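Engineer:
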Amino acid sequence: MAYKVGVDVGGTFTDFLLMGESGSSSVFKVLSTPEDPSIGVMRGFEEMAASFGTDKMSFLSSVEIIVHGTTVTTNAVLTGNISRTGLLTTRGFRDALQMRRGIREETYNNRYLPPSPLVPRYLRVPVTERTDCDGEISTRIELADVEAGAQIFKINHLDAVAICFMHSYANKENEITAAERIRKLMPEAYVSASSEIMPQVRFYDRVSTTVLNAAVGPILNRYLSNLIEKLEVSGFIGVLLIMQSNGGVTSARVVTELPASTLLSGPAAAPVAGIAYTAIHGVRDFITVDMGGTSFDAALIKDGEPIVTNEGRVNRQALALPMMQINTIGAGGGSIAWLDEGGLLRMGPKSAGAKPGPACYGLGGTDPTCSDANLMLGFLNEEYFAGGKMKLDRGRAETAIKERIASPLGMDVVKAAYGMYHIMNVNMASAIREISIRRGFDPREFLLVCAGGAGPVHAAMIAEELEIPQIMIPKESSIFCAAGMLLSDLKHDFVRTYHTVLKKDGVDLERLRGIVKELLADGNEVLSSERISSDRRIFRFAADLRYVRQYHEVSVAVEMEWLESYREDSIKDAFHRQHDKLYGYALKDEKTDVELVNIRITAIGLTDKPVFPKGAFMGSDAEEFVKGKRPVFIPSLMDFNEIPVYDGDRMGFGHFLRGAAIIEQVNTSIFVPPGFEVTCDEYGSYLMSPIN
Amino acid sequence: MHANNDSIDPILASVLQRRFKSITEEMGLTLLRTTRSPILNEARDFVTGIYDHNGRMLEQTEYIPILAFAIQPVCQKIIAYFGDDIHPGDVILHNDVFTGGNQNADVAVFKPVFHGERLVAWAACKGHQADIGGAVAGGYNPEAREVWQEAFRITPVKIVEGGKLRKDVWDLVFANIRYDIVAEDIKAQMGGCVVGERGIKGLVEKYGIEKFRSHVEHLFDTTEKMVRSEIRSIPDGTYSAQSLVYYDGIHDGSEMLINLKVIVNGDEITFDYAGSSPQTEGFVNAPYAATASAVLLTFLMLINPDIPHNDGILRPIRIDVPEGSFLNARFPAATTFGNSLTGPNSDAIFKAMAKACAEKVTAGWNRFLGFTITGTDPRKNRPYVDILFLALKGGSGGTWMADGYDHIGLINCAGGILAQDYEMFEIQDPHFLIKHEYLTDSAGAGRWRGGAGVETEFTIRGTSITGIAFGDGIEEESKAFGIFGGKEGELNSITLRYPDGTIRKVKSKEIVRNIPKETVFSQIAGGGGGYGDPFERPPEKVLEDVVNGMISLEKAKTDYGVVINASEMTLDMAETRLIRGAKA
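Chains as they are written, first to last, in the working numbering: chain U, 182 to 873; chain E, 353 to 936.
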């Protein structure tokens, strides 16, 4: 038997999705071990082996692929536990990293401090050298400065060095000279040169990305070599792939060269999972949301393609690598309710987390949370939370809501709980508006794919807020991301800056072709190293373009042939269309000049994906799965009603029911309001929509 | 706690507040995406808002704080001006500072929102335009003596009537403005208003007009209550302070006085500017709305930053500015410097309030000094304009429990305007950067030090160069002030080194013509003032700044009383105690 395993390490749980050749699948969950996440990962494999009645050794030797989503790099940056890193940079500009272009994100808050710089100033060493914006070297590099830098770095016992010089995207010579010297002088250090990882214009973005890359390099290396050793000792001889924030996977070896590509990779598998789950319905436009204990992640997929951005931020520092555009807000089951000074009810962004957790967990939490409200309203079952493994305490939930919210507002507990539920829904709907309406997409034209343990209780009401007519709740909504990982292709991005106005006599054709060739070579090299045969390689080109005098570029998909033969009209037309779509206007008729800034390639290596088994038709009436009735608060009535509770774990393809109802599964619970109906599709996912 | 009217649902009030905020943000994003001038989409010098049928602020999103009070007064004036001659499909244009405007170059678009035949609200966008007519391009004219040399005045005028563009009016307006992109950007603002209109209409349709209005009133009341409780926490009393503005752009050595009395009485607060200098003959004057905005943004820094921005926030605040003073100049004064009086004005407010709420004020912020370059880029043979945002951003003042913010820039924007990226700066304009770094010892010393300033140096490789200096903070007395024993921040300066070796020191307000190619431009944007006695700053923090080159060894000793062993970079605690002890 050859297994594929998706492993998603989260803040509270590490989720596993195990798939066999026949498409059989099973789900495992263990508590995460933040001090060394590989402990939890190995524990999961032990549980899996035990469930097959075998030992870890023989089980792991039958696993051919492990796809792993890790948050070790993200956590290192968020907690400040990054490697000690030094920076070599052009003399005169060593503060760009710390300045962050002088932004203060909270306008009126004079106590709002900047984040501490990833590299303190005394470890940002200036080097006399200079390349101008045309790539001409105007000052040769002073190697003595590089050596002096190495001396300082060694005295300070640094593990990592970042190198970023002005305009090195246009000519990397000085930067590479410095990198070679540093590698020689500091053979143990992790060295990252900006022109090697991201030869792309914009100094602050590049220096920040390069430093982030260097600062998490040793951490990811250590973690992966430790994990690989443990896996190998336990008999694993298959392939280990790592999830990246661009929505693709990569080999463990390649990722160590670009460890920053794993920053923000946590939610990046959701769009891919969404594509698989929605495909059987022919749906190509959808929004995925994933609501867990503390955060809510939303992503928009149009024409089967997730939106990619180059303007990421980690802990207020720029990360300019291509990544899935995902909007994360602090909204989850643990979100705490509070009243502001004027007496308005607010929810989050603070969360009670797993410890002490919502008041109803009975683990010492006294703040009223979203889960407490959901319990009071009957959406959650105090006897059947996590499949009955955990009992919820209704009394504590009631006390918390009463003391903090209901009494001060002079209303009863139920009304207050409903207020909490409602504000949560409004907040999550706003987060979806941000990725849809604000980017020119009408959410009513999208399917809402709602995942995460806490999401399905809110799904229908979020959809109603946004007038979204159809909702999908994947069967195993709580391991949605782990499933996405198993479905991801290998994906690598490369970029070159070529700044020019798109005009027949202005574009240097040789240079353009040279760049296309270089990018193809980069892509082929990395995919070869991952042993992807040439028939399984796909290359996609894009150009970053803007109108003359605009500041921001728009990334536009282009054919390789358009670049090689310089099809100016095709490139410009694609840009005008994209610009019009994003911003509602184009300047085609005005004949405004278009500038090229960057050329990009995405090199994709197709992986063998597990096939989700389609269930056999199990009948239409779900009546037999009603396991009881309980009072649940119905928002449209503003009152409780006795409604049926279905056993979702026994339902399958074809089953149909009408609201009001609750569908209970081990890891999640779905609220079907009156006026909504639900059908189970072939994958066991629930499709919910208002009855016409 | 508080008695609710039976028909009021506090949850719905929360929902409306969230929706209002998201509507104004959506309007703002529309502008960021669709405008063409970098002042709008890069520097984000605009505000979007929605107002009720009486012109009272429902919510607004000002991307830079100086616009916090830029729309409401005009909205109310427009309602009064047109009376019942406001109809569905109308769009009104306005910039005039003598009918409620805050700055000539800030042009507002207003769109009334109707529910059936009933006026229910207004959507408005106001943005700083690339040009507004007048004697010089771009609207900054230090040589202006009257409003007409600064701008084309647009009093309230319908540019769209009943959904139909009034071509005659449109053409008249844009016949008086230099750049085509202004017309495009005004269209973008009209688009932003449509987004706001759609949002409000949806809410009114969903909840019904009566419910909408009663809950809006409730929202105003809760906000008002929050602000009143903030004011009540300030001890009653009259707090006075003065602040000086240096150089009127005409008479060397001239000074203008801001004379402020803040009266806190229970839950109300009054800012009284009686006794401030009369209006100047040049352009160093403000219209009332600019002064009121300066007061409001400084006040917002003294209270809980999460209070919603609606009409309720304004109710307990009174701002009295004598007409004919340079803070509320009479027609037809030139007033383009009005927004730039925010720095000196907030200095006065912080100084006055220091006596009332010591832990909330900051020390002085570095005063704004900008230099705009216009010329020709020989590489592309086309004209260019550069506002040099990267060079003008100094430090903010320290406050209780927090150092000032390094390189944040003028208080009017409070970190909302970004410095240009170096590489893009060199690609877009013919400038070759030599240096852009924090300036050692620029921050005022204090228990919480000021924010550091920056020094910028580049070679100008353009031709036909003219520079317009615009600001303050170069006279010795205009240093960002220290407070409670904190020290002053470093001054601003702008110097031109011509290719022949001549050094030209630039005044704070002047037009410098015929700057030759290869001139080296140097600017220092100074630091913010320090808060509290520097001798009380933990020596480790001082050492950290010395190690990082933010403070020199010498200043560590003289300003902070901290002695550092230079070769080892370690604290000499014995010597430090000796110096610090001697002072005590």
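Where is the CB? At the ideal position from N, CA and C, for every residue including glycine.
In this text the structure is predicted, and so the values were computed from the model without any measurement.
Identify, in the order they occur along the chain, each residue of the same chain with its Cβ nearer than 7 Å to the Cβ of ALA602/U, setting aside the five sequence neighbours on each side.
Structural biologist: Residue identity check: residue 602/U is Tyr in the sequence provided, not Ala. Cβ within range, chain order: ALA554, ASN555 and LEU558.
Engineer: Between CYS314/U and chain E, is there a C-beta pair that is closer than 8 Å?
Structural biologist: Closer than 8 Å: yes.
Engineer: According to DSSP, is PRO854/U helix, strand or coil?
Structural biologist: coil
Engineer: Can you tell me which of the three DSSP states GLU645/U falls into?
Structural biologist: GLU645/U falls in the helix class under three-state DSSP.
Engineer: Where does the unbroken beta strand (DSSP E) through VAL614/E begin, and where does it stop?
Structural biologist: 607-617
Engineer: Which class does ALA640/U belong to by DSSP, given the choice of helix, strand or coil?
Structural biologist: helix
Engineer: Ends of the beta strand (DSSP E) at CYS936/U?
Structural biologist: With chain U covering 182 to 873 only, the question about residue 936/U has no answer from this structure.
Engineer: What residue from GLU536/E, ALA754/E, ASP532/E and LEU721/E has the CA that sits closest to ILE739/E's CA?
Structural biologist: LEU721/E
Engineer: Taking only beta-carbon atoms, is MET347/U less than 8 Å away from chain E?
Structural biologist: So, interface residue.
Engineer: Which one of VAL382/U, ASN394/U, MET741/U and THR678/U has the shortest CA to CA distance from SER904/U?
Structural biologist: Residue 904/U lies beyond the stretch modelled for chain U, which goes from 182 to 873, so this question has no answer here.
Engineer: Which two residues bound the contiguous beta strand (DSSP E) that contains HIS788/E?
Structural biologist: It spans 783-790 - the beta strand (DSSP E) in which HIS788/E sits, taken as one unbroken run.
Engineer: Going by other Cβ atoms of all chains shown within 10 Å of its Cβ, with 16 needed for buried, is VAL300/U buried or exposed?
Structural biologist: It counts as buried.
Engineer: According to a CB-to-CB cut-off of less than 7 Å, which residues of the region 769-781 of chain E neighbour chain U?
Structural biologist: LEU770, ALA771, ASP773, TYR774, GLU775, MET776, GLU778 and ILE779
Engineer: Consult DSSP for THR849/U and reduce its assignment to one of helix, strand or coil.
Structural biologist: Shown here, THR849/U sits in coil according to DSSP, grouped into three states, outside any helix or strand.
Engineer: Check each candidate in THR195/U, SER206/U and PHE857/U and name the one with the smallest Cα separation from PRO215/U.
Structural biologist: THR195/U
Engineer: To the nearest angstrom, how far is it from the Cα of TYR598/E to the Cα of PHE741/E?
Structural biologist: 22 Å
Engineer: If contact is defined by three or more beta carbon pairs under 8 Å, each pair taking one atom from either stretch, is the region 424-441 of chain U in contact with the region 636-653 of chain U?
Structural biologist: no
Engineer: What are the start and end residues of each continuous alpha helix (DSSP H) run of 4 or more residues lying completely inside the region 511-599 of chain E, in chain order?
Structural biologist: Within the region 511-599 of chain E, the complete alpha helix (DSSP H) runs of at least 4 residues are 519-527, 532-559 and 561-584.
Engineer: Which chain U residues are close to SER374/E, counting only those with a beta carbon under 7 Å from its beta carbon?
Structural biologist: SER611 and ARG614
Engineer: Tell me which same chain residues have a C-beta within less than 6 Å of the C-beta of TYR350/U, skipping the five on either side of it?
Structural biologist: PRO380, GLN381, VAL382 and THR678
Engineer: PHE384/U versus chain E: which residues are under 7 Å apart at the beta carbon?
Structural biologist: ASP773, TYR774 and GLU775, listed in chain order.
Engineer: Spell out the partners DSSP gives HIS446/E in its beta bridges.
Structural biologist: Looking at the DSSP output, HIS446/E shares a beta bridge with ALA460/E.
Engineer: What are the start and end residues of the beta strand (DSSP E) that includes ASN516/U?
Structural biologist: In the sequence under discussion, the amino acid at residue 516/U is Ser, which differs from the Asn named in the question. Where SER516/U is concerned, the enclosing beta strand (DSSP E) stretches over 516-520.
Engineer: Please name the residue, chosen from GLY664/E, THR808/E and ILE779/E, that lies closest to HIS570/E on a Cα-to-Cα basis.
Structural biologist: GLY664/E
Engineer: Identify the contact partners of ARG370/E in chain U, using a Cβ-Cβ distance below 8 Å as the criterion.
Structural biologist: ILE604, VAL607, ASN608 and SER611
Engineer: On the premise that TRP800/E lies in contact with ALA832/E, defined as a C-beta separation below 8 Å, what is that separation, rounded to the nearest angstrom?
Structural biologist: At roughly 13 Å, the Cβ-Cβ gap does not stay under 8 Å, so ALA832/E and TRP800/E are not in contact.
Engineer: Does the beta carbon of VAL858/E come closer than 8 Å to any beta carbon on chain U?
Structural biologist: no
Engineer: Output yes if chain E places a C-beta closer than 8 Å to the C-beta of LEU268/U; else output no.
Structural biologist: no
Engineer: Quick one: is THR726/E near chain U, going by C-beta distance under 8 Å?
Structural biologist: no
Engineer: With a Cβ-Cβ cutoff of 8 Å, do PRO425/E and ALA641/E count as a contact?
Structural biologist: yes
Engineer: With three or more beta-carbon pairs closer than 8 Å as the criterion, would you say the region 406-422 of chain E touches the region 576-592 of chain E?
Structural biologist: Taking 8 Å as the limit for Cβ pairs, the verdict is that the region 576-592 of chain E does not touch the region 406-422 of chain E.
Engineer: Since I believe CYS541/U is in contact with ASP574/U (beta carbons under 8 Å), could you give me their beta-carbon distance rounded to a whole number of angstroms?
Structural biologist: Yes, ASP574/U and CYS541/U are in contact; Cβ-Cβ is about 5 Å, under 8 Å.
Engineer: Let me know the alpha helix (DSSP H) ranges lying completely inside the region 397-442 of chain E, each 4 residues or longer, listed in chain order.
Structural biologist: 424-434
Engineer: With a 10 Å radius around its C-beta and 16 neighbouring C-beta atoms as the bar for buried, classify THR922/E as buried or exposed.
Structural biologist: exposed
Engineer: Pairing CB atoms from the region 305-324 of chain U with CB atoms from the region 802-812 of chain E, are three or more of them under 8 Å?
Structural biologist: no
Engineer: First and last residue of the beta strand (DSSP E) that includes ARG849/E?
Structural biologist: 845-849
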